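A short write-up of the structure that comes next.
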Amino acid sequence: MIIVEESIVIPRQDQEKLKEEIDRLYSKLSKLGWTKEACESIAPYTLRINSIKKEKDMKIFAHSYQTADIIFGIADIVGDSLALAKRATEVDEETILLCGVDFMAETMKILNPEKTVLVPQRGRDCTLADSITGEDVRKLKEEHPGAPVICYINTNADVKAESDICCTSANAKKIVEQLEEETIIFVPDENMGNNLAKLTGKNIITYHGYCRTHHALTEKRLEKLLDDTPMKTFAHLECKPEIIQNVDYAGGTGDMHRYAKIAKSGEKVLFLTEQGFIDRMKIEFPDIEFQDSNMICVSMKRNDLPTILDSLENPKPENTIQLDEETRKRAFKAVNNMLKY
Ligand code: 13P
5 MIIVEESIVI PRQDQEKLKE EIDRLYSKLS KLGWTKEACE SIAPYTLRIN
55 SIKKEKDMKI FAHSYQTADI IFGIADIVGD SLALAKRATE VDEETILLCG
105 VDFMAETMKI LNPEKTVLVP QRGRDCTLAD SITGEDVRKL KEEHPGAPVI
155 CYINTNADVK AESDICCTSA NAKKIVEQLE EETIIFVPDE NMGNNLAKLT
205 GKNIITYHGY CRTHHALTEK RLEKLLDDTP MKTFAHLECK PEIIQNVDYA
255 GGTGDMHRYA KIAKSGEKVL FLTEQGFIDR MKIEFPDIEF QDSNMICVSM
305 KRNDLPTILD SLENPKPENT IQLDEETRKR AFKAVNNMLK Y
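Under this note's numbering, think of the first position of the sequence shown as 5, with each following residue one higher.
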């Protein structure tokens with residue numbers, strides 16, 4: 005539980021606002037078992053962050069893997085990687101604060117060089133983005149001349165700059181199918197590349213990157229999660245091929261969200277992806293029974309309300325995304341191509 009610091013105790017005249025905020029948070033977070041006391045401890049943070057947001061002409065974006073207090077407490081726009089990238093081009097505000105991982109914020113900066121893109125903290129990032137550099141892509145292109153390069157959005161700007169088109173889990177299959185070439189370089193997620201090869205019948209040249217959270221899911225663990233209870237199963241495309249072949253559906257979190265919208269009341273559903281997404285679904289769709297995956301991305305979980313508030317009140321240079329303009333322009337082509345799908 006968060007300890008309320010002296011500096012953000014809400015003044016007496018704002019106690020009514022605080023009470024309303026506690027009720028607002030409780031109406032959402034109690035669906036995950038949060039108590040009133042737990043909501044009381046975070047309400048001063050959400051009130052303060054939401055008021056700074058207005059003062060600073062800023063929108064807060066959050067990926068669905070963020071914790072529920074961030075998603076339901078302070079975020080204006082919540083979604084998968086594709087939705088976040090698209091929506092970043094549509095908001096009027098000068099500043100975007102991204103609660104997610106760095107490649108998502110970089111993608112927003114690639115698309116919106118005139119905007120200020122902030123992240124609460126830097127340092128640890130996505131295992132996929134960290135697995136590959138622009139130099140690695142250049143080598144692959146030399147080894148496979150003529151093959152187009154699709155890079156997964158979970159990459160840094162230098163990798164996007166070397167690629168023909170970027171993709172997310174939501175549009176990867178469509179993009180592979182619509183390219184006329186039969187041989188395609190797909191970086192860096194080896195599981196996703198192999199899954200796409202199976203789904204499209206194309207010759208996919210892969211790289212050896214993986215998402216530590218989805219890659220760790222084994223068939224044995226899947227069996228345990230299924231628990232002999234009938235349920236619909238939906239796996240993220242970053243899971244291993246042996247997982248994908250044992251589930252009803254495969255795709256990204258945007259596809260899973262669409263599925264939750266049409267699921268029948270009382271239906272039991274297992275989404276094989278990060279637990280933050282499942283928590284979000286439990287709050288948004290209380291009539292559906294979501295099985296916990298307990299899959300945790302530690303990089304996504306590095307954000308919390310005190311860190312976010314601190315980054316707004318005491319910003320450091322590393323909180324602002326900066327990109328070399330030449331790299332950004334080259335990366336823009338790949339990301340902009342992706343937005344057509
Ligand atoms: P989605 O785009 O499906 O939300 O996936 C993002 C991600 O990083 C998965 O690990």
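From the three backbone atoms N, C-alpha and C, an ideal C-beta is built for every residue, glycine too. Bear in mind the structure is a predicted one, so any value in this text is a computation, not a measurement.
Check                                                                                                          : Outcome
Continuous alpha helix (DSSP H) stretch holding Gly213: start and end                                          : From DSSP, Gly213 is part of no alpha helix (DSSP H); its letter is neither H nor E.
Proximity below 8 Å, CB of Asn250 to CB of Ile74                                                               : no
Check: Ser68 C-beta below 7 Å from any heavy atom of the ligand 13P                                            : yes
Alpha-carbon spacing of Met260 relative to Glu293, whole angstroms                                             : 14 Å
Through-space distance from Arg225 to Phe190, alpha-carbon basis                                               : 28 Å
Alpha helix (DSSP H) runs wholly inside the region 121-179, at least 4 long, in chain order                    : 131-134, 138-147 and 161-165
According to DSSP, residues forming a beta bridge with Phe65                                                   : Ile81 and Leu102
Val302 classed as buried or exposed, judged by whether at least 16 other C-beta atoms fall within 10 angstroms : exposed
Beta bridge counterpart(s) of Ala335 as assigned by DSSP                                                       : DSSP lists no partner for Ala335.
Alpha-carbon spacing of Gln19 relative to Thr120, whole angstroms                                              : 33 Å
Residues that DSSP places opposite Tyr253 in a beta bridge                                                     : Phe238
N- and C-terminal bounds of the beta strand (DSSP E) containing Gln295                                         : Glu293 to Gln295
Arg190: first and last residue of the uninterrupted beta strand (DSSP E) it sits in                            : Before going on, a small fix: residue 190 reads as Phe here, not Arg. Here the beta strand (DSSP E) through Phe190 covers Thr187 to Val191.
With 16 other Cβ atoms within 10 Å as the buried cut-off, status of His67                                      : buried
Contained beta strand (DSSP E) runs [length at least 3] in the region 256-325, N- to C-terminal order          : 272-276 and 293-295
Option nearest Pro192 by Cα separation, candidates Asp252, Lys228, Pro149 and Cys130                           : Cys130
Whole alpha helix (DSSP H) elements within the region 34-62, 4-residue minimum                                 : 40-59
Beta-carbon proximity check, Val141 vs Val123, cutoff 8 Å                                                      : no
Cα-Cα separation between Glu12 and Thr50, rounded to whole angstroms                                           : In the sequence on display, residue 12 carries Ile and not Glu. Distance between the alpha carbons of Ile12 and Thr50 is about 11 Å.
Where the alpha helix (DSSP H) through Gly197 begins and ends                                                  : Glu194 to Thr204
Pairwise C-alpha distance: Leu22 and Met196                                                                    : 45 Å
Per-residue burial, Gln182 [other beta carbons within 10 Å of its own, 16 or more giving buried]               : exposed
CB-CB length for Thr99 against Leu115, believed under 8 Å                                                      : Not really, about 15 Å apart at Cβ, beyond 8 Å.
Start and end residues, alpha helix (DSSP H) containing Lys224                                                 : Glu223 to Leu230
Near the ligand 13P: Gly258 beta-carbon under 7 Å from a heavy atom                                            : yes
Where Ala72 falls: helix, strand or coil (DSSP)                                                                : helix
Proximity of Gln295 and Met235 at Cβ, strictly below 8 Å                                                       : yes
Assigned secondary structure, Ile14 (DSSP; H/G/I helix, E/B strand, else coil)                                 : coil
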